[in-house]
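Trainee: Numbering (the numbering used here), first residue to last: 7 to 593.
For each residue, glycine too, the CB sits at the ideal point set by N, CA and C.
Only a predicted model underlies this, so the values are computations on that prediction, with no experimental measurement involved.
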RNA sequence: CGGGGUGUGGCGCAGUUGGUAGCGCGCCUGGUUUGGGACCAGGAGGCCGGGAGUUCAAGUCUCCCCUCCCCGACCA
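1) Check each candidate in 183, 15 and 522 and name the one with the smallest Cα separation from residue 50.
2) In chain order, what residues of the same chain lie with their CB nearer than 6 Å to the CB of residue 333, ignoring the 5 residues before and after it?
3) Cβ of residue 386 versus every heavy atom of the ligand MN: is any distance shorter than 6 Å?
4) Can you give me the C-alpha to C-alpha distance between residue 440 and residue 549, rounded to a whole angstrom?
5) Is the beta carbon of residue 17 less than 7 Å from the beta carbon of residue 446?
6) Please name the residue in 534, 479 and 323 whose C-alpha comes closest to that of residue 198.
7) Just to confirm before moving on: does the CB-CB distance between residue 369 and residue 414 stay below 7 Å?
8) Considering only the alpha carbon of each residue, which of 117, 312, 71 and 452 lies closest to residue 172?
9) Give me the Cα-Cα distance between residue 393 and residue 275, rounded to the nearest whole angstrom.
10) Assuming residue 364 contacts residue 347 (C-beta within less than 8 Å), just tell me the rounded distance between them.
11) What three-state label does DSSP hand residue 171 in the structure shown?
12) Start and end of the beta strand (DSSP E) containing residue 293?
13) Would you kindly work out how many angstroms separate the C-alpha atoms of residue 85 and residue 95, rounded to a whole number?
14) Roughly how many angstroms separate the alpha carbons of residue 561 and residue 10, rounded to a whole number?
15) Leaving out five residues before and five after residue 593 in sequence, what residues of the same chain have Cβ atoms less than 8 Å from its Cβ?
16) How far does the beta strand (DSSP E) with residue 551 in it reach, from first residue to last?
17) Indicate whether residue 500 and residue 544 have their beta-carbon atoms separated by less than 7 Å.
18) For residue 238, is the classification buried or exposed, using 16 other Cβ atoms within 10 angstroms of its Cβ as the cut-off for buried?
19) Starting from residue 584, follow the alpha helix (DSSP H) in both directions and report where the run begins and ends.
20) Please classify residue 292 as buried or exposed, where buried requires at least 16 other C-beta atoms within 10 Å of its C-beta.
21) Using 8 Å as the Cβ pair cut-off and three pairs as the minimum, do the region 311-325 and the region 282-290 touch?
22) Return the residue from the list 144, 99, 258 and 76 that minimises the CA-CA distance to residue 397.
23) Among 506, 146, 175 and 533, whose alpha-carbon lies nearest the alpha-carbon of residue 113?
24) Tell me which residue opens and which closes the beta strand (DSSP E) that residue 87 is part of.
25) Whole angstroms are fine: how far does the CA of residue 326 sit from the CA of residue 208?
26) Would you call residue 377 buried or exposed, if buried means 16 or more other Cβ atoms sit within 10 Å of its Cβ?
27) Just checking my contact of residue 352 with residue 384 at CB under 8 Å: how many whole Å lie between their CB atoms?
28) Given a threshold of 16 other Cβ atoms within 10 Å of its Cβ, counted over all protein chains shown, does residue 12 qualify as buried or as exposed?
29) Could you tell me the alpha carbon to alpha carbon distance between residue 277 and residue 28, rounded to whole angstroms?
30) At which residue ranges does the region 67-121 contain complete alpha helix (DSSP H) runs of 4 or more residues, listed in the order of the chain?
31) Mind checking whether residue 242 and residue 429 have CB atoms under 7 Å apart?
32) Near residue 526, what residues of its chain come up, given a Cβ to Cβ distance below 7 Å and the 5 sequence neighbours on each side ignored?
33) Span of the beta strand (DSSP E) holding residue 139?
34) Please say whether residue 551 and residue 516 have beta carbons closer to each other than 7 Å?
35) Bridge partners for residue 575 per DSSP, in chain order?
36) Measuring CB to CB, does residue 169 end up less than 7 Å from residue 463?
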């Protein structure tokens, strides 16, 4: 039985000034964690219990799906990360250190290399596969900006697992097994989640999904459909292509548009000098050509123009995700100087494209559909062209998802409006493919005696982050409200008597009986502490079931308080054990 | 890494034109209290983020560095 009188904890009456988000504030205030270093936290007894319970659920489900637990060192030699180029690639985010001989080491930010090499070390036949391995490990990343307590630290606990298969079908099965296990884990943790499509980045084609807990203080932005179950990271959203709204089939016509370098000035000019009869001109009638510069990994650069509807902004991050590993930036003055054919504000698709006069690659956002009609630059200062039809008057080199996704955009799956929300990434499942196996030489003999490169998946759950996310979801103004499965104990008994009186004796006896039934009990046995203080502490600490043994004992009752529901009911002491045990067992 | 803010006992804060540090909570002792963060009395606890400087004298002024928080960049 944990006793408040001796438990190593101190609750704070005031919010710590440096904590902004609720989970950070409450975990510190209730005595679960203490900051020990920039981005590093000490787990106090109550917090450590919660962390271990989350860990236990993760372990239980990983074991149940057939993955096997291993454990690597956190401190790893440089040469292994040199093999995949990640010693350099990871940049400043990697914690590096030297041993006494001057040899380089790092603190592992993730362990793909180690797992790959371990399997290579031990296995060499298709008969050994598939296999899934995992560990629950402290990870180190020298984040540019640790924040929000446990939500983004520089040292954190993560479950990472890796699957190894002989072929794509096997990988898909391993991937789905992990995905299912993750759903069970987050369900048991009572952590709400949405599974969003994520970018698979440079490797291309591989499936990648993130588990996000929809919480406002989260760092990830995602969209979800208000009607169907579509959801995606904003970078990974695909545009719903609608049929073009063609109002006329007039021929393209160049008109003079002096002093109209921006979309707004152009629209105003058209409405004043070239009004249409059916409606007014709008920004969405115009085609905006955004000039970008790609910086390729080899250091070379390439100018790229992206065409988007004039009422929408281009989302550089989204574009970048599709051209990764190349980097994207707007073309600067010096860049424009090298392309005299481009007149800023008057650029039109007639001079764009790899086969055009400029030879500049030209891509269109999918919302610029074939057959749609636009007002756009005439490639002469002070002139625009009307009725330019995609496919009739110009073509592009292809499409790229380019516009900034906004609330109300149509869902790619059902066309209903999308909404935008924030979330915390609590899990990620990813079909890695053969990237690591290739570079590290992990292959096995197949049934024909031929070497086959193994295909891998990698899967992560932020364990310490999950603790914070749960506190983020389950709290109120008074404190935390733990879900039963991960509460530091099952029952919090508040005894409001004085040492040695009937109330204290009854409370102690109840605690012992509950413990005999296998429950974990915290009893507030502090002497001389007023009931108000004990109630406040109990609410702050947030054990889901609070049992008050106090003045109602005179009528033979105890009080059963439900921290989640906020209810308080009198229960005869004689039935207390049975009632409480039933409550805890039913979860 | 850029912008803004911040740093004074465990926690929250005050500290004037430079004069040698204070309040509330918490903690200790004694007493009175005991159903919603009690009261009285007496205590302990601070290199005022670090360093350098100006000055007879620096929490306070100057310079450099660091921390934490927020926004952005970054983030398997």
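Mentor: In this structure, then:
1) The residue from 183, 15 and 522 with its alpha-carbon nearest to that of residue 50 is 15.
2) Excluding sequence neighbours, residue 333 sits near 301.
3) Within the structure as shown, the ligand MN is missing, as the structure has no ligands at all.
4) Straight-line Cα distance between these residues: approximately 46 Å.
5) Between residue 17 and residue 446, the C-beta gap is not smaller than 7 Å, which leaves the two residues out of contact.
6) Closest option to residue 198, judged by alpha-carbon separation, among 534, 479 and 323: 479.
7) Contact flag unset, no.
8) Comparing Cα positions, the closest option is 452.
9) One alpha carbon belongs to residue 393, the other to residue 275, and they sit about 16 Å apart.
10) Contact flag correct, Cβ pair sits at about 5 Å.
11) Note: residue 171 maps to strand in three-state DSSP.
12) Residue 293 -> beta strand (DSSP E) spans 293-301.
13) When the Cα atoms are used, residue 85 and residue 95 turn out to be separated by approximately 14 Å.
14) Whole-angstrom Cα-Cα distance: 26 Å.
15) 490 and 491, listed in sequence order.
16) 551-555 is the extent of the beta strand (DSSP E) around residue 551.
17) Closer than 7 Å, so yes.
18) Under this definition residue 238 is a buried residue.
19) In this chain, the alpha helix (DSSP H) harbouring residue 584 covers 579-592.
20) Around the beta carbon of residue 292, 16 or more other beta carbons sit within 10 angstroms, so the residue counts as buried.
21) With the cut-off at 8 Å, the region 311-325 and the region 282-290 touch.
22) Looking at the Cα atoms, 258 is the closest of the given residues.
23) The residue with the shortest Cα to Cα distance from residue 113 is 146.
24) Careful: residue 87 lies outside any beta strand (DSSP E), inside the alpha helix (DSSP H) at 84-89.
25) Its pLDDT being 43, under 50, residue 208 is placed unreliably in this model, and the coordinates cannot settle the point.
26) Taking a 10 Å sphere around the C-beta of residue 377, we find fewer than 16 other C-beta atoms and assign the residue as exposed.
27) Right, their Cβ atoms sit about 6 Å apart.
28) Its Cβ having fewer than 16 others within 10 Å, residue 12 is exposed.
29) Residue 28 has its alpha-carbon roughly 51 Å from the corresponding atom of residue 277.
30) Along the length of the region 67-121, whole alpha helix (DSSP H) runs at least 4 residues long occupy 84-89 and 92-95, reported in chain order.
31) No. Outside cutoff.
32) Take residue 526, set aside five residues on each side of it, and the residues of its chain with a beta-carbon closer than 7 Å to its own are 495 and 496, in chain order.
33) Unbroken beta strand (DSSP E) run through residue 139: 137-146.
34) Judged by their CB atoms, residue 516 and residue 551 are not nearer to each other than the 7 Å cut-off.
35) According to DSSP, which records beta bridges pairwise, residue 575 is partnered with 566.
36) Cβ atoms of residue 169 and residue 463: closer than 7 Å.
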